[in-house]
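Taking it in order: structure first as structure tokens, then the write-up.
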Amino acid sequence: MQGEALCALSCIQFSAVLLIGSLIYRVWENGWWVDSATAIVIALLFGWEGIKMVRWAQDKDFSGGCCAH
403 MQGEALCALS CIQFSAVLLI GSLIYRVWEN GWWVDSATAI VIALLFGWEG IKMVRWAQDK
463 DFSGGCCAH
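Per our numbering, the very first residue in the sequence shown carries number 403; after that it's consecutive.
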């Protein structure tokens, strides 16, 4: 259950960054750079999720699944 909750939290984070970036880009005339900044933030979030997954896979309690039990 914890794995599913973490996955949902990650999806919420990605969605929030995308929504906020898109809204700023759409509303602000000088916000041409926000689209690229949003892409960079999303890439950093994906990288962080990858680092967390590698750390979990290297843990001694890793069972091969995405859930921590």
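Note that the Cβ used here is the ideal one computed from N, Cα and C, for glycine as well.
Local conformation of residue i per DSSP, three classes
i: LYS462; result: coil
i: GLN450; result: One detail in the question is off: residue 450 reads as Trp in this sequence, not Gln. It is helical.
i: GLU406; result: helix
i: GLY423; result: helix
Contact belief for residue i with residue j at Cβ below 8 Å, rounded distance in angstroms
i: GLN415; j: LEU447; result: 6 Å
i: ILE444; j: VAL419; result: 6 Å
i: SER417; j: GLU451; result: Incorrect: roughly 14 Å between the Cβ atoms, too far for contact.
Contacting residues, own chain, Cβ-Cβ under 8 Å from residue i (five flanking each side not counted)
i: VAL436; result: GLY423, ILE426, TYR427, TRP430
Contacting residues, own chain, Cβ-Cβ under 7 Å from residue i (five flanking each side not counted)
i: TRP458; result: PHE464
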